[in-house]
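Counting the sequence shown from 1 gives a position; this note's numbering is that position plus 14.
Cβ coordinates follow ideal geometry from the N, Cα and C atoms, glycine included.
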Amino acid sequence: MILVNDRFVERTEATVDIEDRGYQFGDGVYEVIRVYGGAPFLLDEHMARLARSLREIRLEPPYGIDELTDKIRRLITLNALGDGIVYLQITRGASPRTHGFPKNAHSVLTAYTQTLDRPLQALQEGIRAHLTEDIRWLRCDIKSLNLLGSVLAKQEALDKGCAEAILHRGKTVTEGSASNVFALIGGVWFTHPANHLILDGITRRSVLRIMQELDMPAKEEAVTVEQLLAAEELIVTSTTQEVMPVVAVDGRPIGDGSVGPWTRRLQEAFEAAIRETANRSS
Numbered sequence: 015m016i017l018v019n020d021r022f023v024e025r026t027e028a029t030v031d032i033e034d035r036g037y038q039f040g041d042g043v044y045e046v047i048r049v050y051g052g053a054p055f056l057l058d059e060h061m062a063r064l065a066r067s068l069r070e071i072r073l074e075p076p077y078g079i080d081e082l083t084d085k086i087r088r089l090i091t092l093n094a095l096g097d098g099i100v101y102l103q104i105t106r107g108a109s110p111r112t113h114g115f116p117k118n119a120h121s122v123l124t125a126y127t128q129t130l131d132r133p134l135q136a137l138q139e140g141i142r143a144h145l146t147e148d149i150r151w152l153r154c155d156i157k158s159l160n161l162l163g164s165v166l167a168k169q170e171a172l173d174k175g176c177a178e179a180i181l182h183r184g185k186t187v188t189e190g191s192a193s194n195v196f197a198l199i200g201g202v203w204f205t206h207p208a209n210h211l212i213l214d215g216i217t218r219r220s221v222l223r224i225m226q227e228l229d230m231p232a233k234e235e236a237v238t239v240e241q242l243l244a245a246e247e248l249i250v251t252s253t254t255q256e257v258m259p260v261v262a263v264d265g266r267p268i269g270d271g272s273v274g275p276w277t278r279r280l281q282e283a284f285e286a287a288i289r290e291t292a293n294r295s296s
């Protein structure tokens with residue numbers, strides 16, 4: 015089943031108008047919510063960020079966030095989703111093509127579920143990353159549908175045999191193509207501050223809380239490419255990648271080229287949070 019505005023319909027019944035502004039302009043926002051054992055993970059945080067993104071682009075949803083939260087839970091149940099994701103997006107709706115906001119368009123909400131296993135092998139062994147210039151727009155704090163810059167960066171990384179791209183503006187590291195970046199330097203975790211140059215990831219926030227609970231020093235402070243390459247440990251975080259170790263960047267090993275002990279502690283604590291969420295739903 016798919017959620018279209020306030021109706022649950024079969025996939026074959028879901029359609030998008032050719033003049034939908036999400037399709038023509040990327041005029042909309044989205045969220046991806048992880049589900050473990052049938053339970054949505056950090057759902058309230060995702061909904062709060064969705065509400066912020068909507069405000070930032072002056073888009074009124076078809077109905078309130080509380081009602082949407084209830085419908086997301088219902089969608090998970092209807093599809094008997096175990097481990098996977100919920101993808102949802104809201105666009106400004108369909109109208110004759112013009113750049114300015116249309117006066118009579120009605121926003122369109124769609125959401126669906128997808129089965130997705132956890133990346134257990136990559137979490138155990140770590141991944142390789144590729145550095146590339148951050149060519150995206152300057153409102154990366156909005157989780158908008160405009161993802162071409164991230165798509166190009168990710169494909170560039172894949173073409174080089176890497177799983178993720180790490181972006182930088184000049185000498186300053188920002189984030190990954192679909193993740194946030196943390197570098198352990200001198201026994202302190204550094205991650206770019208949550209400003210307009212990065213998306214304030216929900217998993218990023220969760221990891222920062224875990225670091226505090228584990229008494230791991232952390233600073234929301236940007237690092238340079240040179241500092242990142244000299245880091246003792248390196249991770250990227252996201253809804254689907256969780257706490258993902260990066261063991262090499264452009265062929266250069268991070269630390270000794272294996273997953274470090276601080277990263278393992280973070281993974282164990284994050285795993286405990288996952289289990290707690292899944293147990294609440296059983």
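Sort out for me which residues DSSP pairs residue i with in a bridge.
i    : result
L198 : W203 and E247
H210 : The partner list for H210 (beta bridge, DSSP) is empty, contrary to what the question assumes.
G98  : V49 and T129
S158 : V43
A179 : H144
V23  : I16
Secondary structure at residue i, three-state DSSP: helix, strand or coil?
i    : result
F115 : coil
D34  : strand
R106 : coil
L68  : helix
F55  : coil
V46  : strand
I268 : coil
G190 : strand
I90  : helix
A136 : helix
I149 : coil
M258 : strand
L280 : helix
V18  : strand
V122 : strand
V165 : helix
Count the other CB atoms within 10 Å of the CB of residue i; is the residue buried (16 or more) or exposed (fewer)?
i    : result
Y50  : buried
F55  : buried
N118 : exposed
V272 : Checking the displayed sequence, the identity of residue 272 turns out to be Ser instead of Val. Exposed, by the Cβ-count rule.
H60  : buried
R25  : exposed
H120 : exposed
L259 : A quick correction: the sequence has Pro, not Leu, at residue 259. Buried, since its Cβ has 16 or more Cβ neighbours within 10 Å.
A62  : exposed
D41  : buried
R142 : buried
Rounded to the nearest angstrom, how far is the Cβ of residue i from that of residue j, given a contact under 8 Å?
i    : j    : result
A179 : H206 : Contact flag wrong, Cβ pair sits at about 15 Å.
R21  : G107 : That pair is no contact at about 16 Å.
L243 : R266 : 6 Å
N194 : G215 : 4 Å
T127 : I90  : 6 Å
Please confirm whether residue i has its beta-carbon closer than 8 Å to some beta-carbon of chain B.
i    : result
A244 : Of the chains in the structure shown, none is chain B; there is only one protein chain.
Ignoring anything shorter than 3 residues or poking outside the stretch 220-247, list the beta strand (DSSP E) runs there in chain order. 232-234
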